[in-house]
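Colleague: Residue numbers for the sequence shown follow this note's numbering, beginning at 13 and rising by one. So that we are looking at the same thing, I have put the structure below in structure tokens.
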Amino acid sequence: MSESSVLQVNGLKTSFFMDKTEVPAVDHVDFDLKQGEIIAIVGESGCGKSVTSLSIMGLVPHPPGKVVGGEVFFNDEDLLKVSESKMRDIRGNEIAMIFQEPMTSLNPLFTIGNQITEAILIHRKWSKKQAKAKAIEYLKLVGLPRAEALMNEYPHQLSGGMRQRVMIAMAMVCEPKVLIADEPTTALDVTIQSQILALMKRLNQKLNTSIILITHDLGVVSEICERVIVMYAGKIVEEADVKTIFEHPEHPYTKGLIQSVPDIRNKKERLYSIPGNVPIPGSIKKGCRFADRCEFVMDRCREKTPELISIEGDHKVRCFLHQESEEQN
């Protein structure tokens, strides 16, 4: 693990076992996260983004899911090999997660104050008075009005945007080194989305927290991220800094995602969409998993799986179009 990396994922493989069949959801994923960096993992639903984050957190439901290979290094320890009690100490304390739907992530039977202070009391040897003061501080930090009064309210009394801010406050209250945000702005209106993203960026700058943002929204990525990992059918197909991804995408799938983003400067009768659907996990036994949807498909694409190669600097792509040019050079 390099000195600048706070989290390093090597060859991560997670499968689901159903009817005695192994279905790979994440297939040999490699990436690292640097101190204070914000990276995005993007792709359509079913590409393995959320399962990657749950694998890192040790939260893959078992059964039917299981991490079957790889390493996840944090503080020079492989999280896949530590005990569950050690993982509980890390989870929510040094690595925290904002889940996709705040209404199902917050317990409807407990007040907001109960739920935030619980996170503090589990990981810090503080008094209830200290924990309450810290909780109020973070509710104010995420821009919630009436922070003291909110401590006594229940999740159903809050709007969607307010609940999402509470989730961020809960995740950040122990000042973790790594924050994983799984679709943190889904189902929120555009104004609240913008405020949530600005808040995450502010917390990143203030606390130097490294963030993994999981999303399908490239507009969100362009606002706050520095580096982008594009996943398709459980594999990384392209990785580069944000500017390179948007200005010089190289994988046909990445190009399709960018073409799909609405552009108010160009009026079109019909928005572009990538033909076909994400394959059912485990349904493609050989070849490139994007082959059936790719306009540049070649015979070899259906027979062999391309490797993820570096084409320039830190820009990596998994595509035979680029491997052929590399071989010719």
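Using N, Cα and C, we set each Cβ at its ideal position, and we do this for glycine too.
1. Would you mind working out which of K140, M174, P188, M184 sits nearest I107, comparing C-alpha positions?
2. Is it true that the region 236-249 meets the region 49-68, where meeting means three or more beta-carbon pairs spaced less than 8 Å apart?
3. According to DSSP, which residues form a beta bridge with Q205?
4. Closest by CA to L320, which one among Q271, D326, V249?
5. Please report the distance separating the alpha-carbon of G104 from that of P75.
6. How big is the Cα-Cα spacing for Q340 and S97?
7. Measure the C-alpha to C-alpha separation of K328 and A252 and round it to an integer number of angstroms.
8. Looking only at C-alpha atoms, which of G299, R177, S57, R100 sits nearest to L355?
9. Only counting the same chain, and skipping five residues up and downstream in sequence, which positions put a Cβ closer than 6 Å to that of C331?
10. Would you give the residue range spanned by the alpha helix (DSSP H) that E235 belongs to?
11. Identify every run of the alpha helix (DSSP H) within the region 251-297, keeping only runs that are complete inside it and at least 4 residues long; order them along the chain.
12. Just to confirm, is the Cβ distance from T198 to E259 under 9 Å?
13. With a CB to CB cut of under 6 Å and the five nearest residues on each side skipped, what residues in its chain are close to A159?
14. Short of 7 Å in beta carbon distance, which residues of its chain neighbour P120, apart from the five on each side in sequence? Order them along the chain.
15. DSSP on V1, reduced to helix/strand/coil?
16. Excluding sequence positions up to five away, which residues of its chain have a Cβ less than 7 Å from the Cβ of K146?
17. Any idea if V190 is buried or exposed, counting beta-carbon neighbours within 10 angstroms, 16 or more meaning buried?
18. In the DSSP assignment, the beta strand (DSSP E) including V190 goes from what residue to what residue?
Modeller: In short:
1. In the sequence shown, counting from the first residue as 1, residue 107 sits at position 95. Of the candidates K140, M174, P188, M184, P188 places its Cα closest to the Cα of I107.
2. Touching, yes.
3. Here residue 205 refers to the residue found at position 193 when the sequence shown is read from its first residue. For Q205, which the question treats as bridged, DSSP gives no partner whatsoever.
4. Position 308 of the sequence shown, counted from the first residue, corresponds to residue 320. The shortest Cα separation from L320 among Q271, D326, V249 belongs to V249.
5. Numbered from 1 along the sequence shown, position 92 holds the residue referred to as residue 104. Numbered from 1 along the sequence shown, position 63 holds the residue referred to as residue 75. Each residue's Cα considered, the two are about 23 Å apart.
6. For this step, residue 340 is matched to residue 328 along the sequence shown. For this step, residue 97 is matched to residue 85 along the sequence shown. For Q340, the predicted model reports a pLDDT of 48, less than 50, meaning its position is unreliable and no value from the coordinates is stated.
7. Taking the first residue of the sequence shown as position 1, residue 328 is located at position 316. Taking the first residue of the sequence shown as position 1, residue 252 is located at position 240. In this structure, the straight-line span from the alpha carbon of K328 to that of A252 is close to 6 Å.
8. Outside the modelled stretch of the chain, which goes from 13 to 341, sits residue 355, for which no answer is possible.
9. Within the sequence shown, residue 331 is the residue found at index 319, counting from 1. Close CB contacts of C331 within its chain, under the 6 Å cut and outside five residues either way in sequence, are with H263, P318 (chain order).
10. The count along the sequence shown starts at 1 and reaches residue 235 at position 223. E235 -> alpha helix (DSSP H) spans 230-236.
11. For the region 251-297, whole alpha helix (DSSP H) runs of length 4 or above, ordered along the chain, are 254-259, 264-271.
12. Position 186 of the sequence shown, counted from the first residue, corresponds to residue 198. Position 247 of the sequence shown, counted from the first residue, corresponds to residue 259. E259 sits away from T198, with the two beta carbons spaced by 9 Å or more.
13. In the sequence shown, the residue the question calls residue 159 occupies position 147. I148, L151, K152.
14. Looking up residue 120 in the sequence shown gives position 108. Around P120, the same chain offers Y166, P167, H168 as residues with beta carbons nearer than 7 Å, after the five sequence neighbours per side are excluded.
15. Summary: the structure shown does not reach residue 1, with the chain confined to residues 13 through 341, and so no result is reported for it.
16. Looking up residue 146 in the sequence shown gives position 134. Here K146 has I132, V185 as same chain residues with Cβ atoms under 7 Å from its own Cβ, once five neighbours each way along the sequence are excluded.
17. Translated into the one-based positions of the sequence shown, residue 190 becomes position 178. So V190 ends up on the buried side.
18. Your numbering for residue 190 matches position 178 in the sequence shown. Here the beta strand (DSSP E) through V190 covers 190-194.
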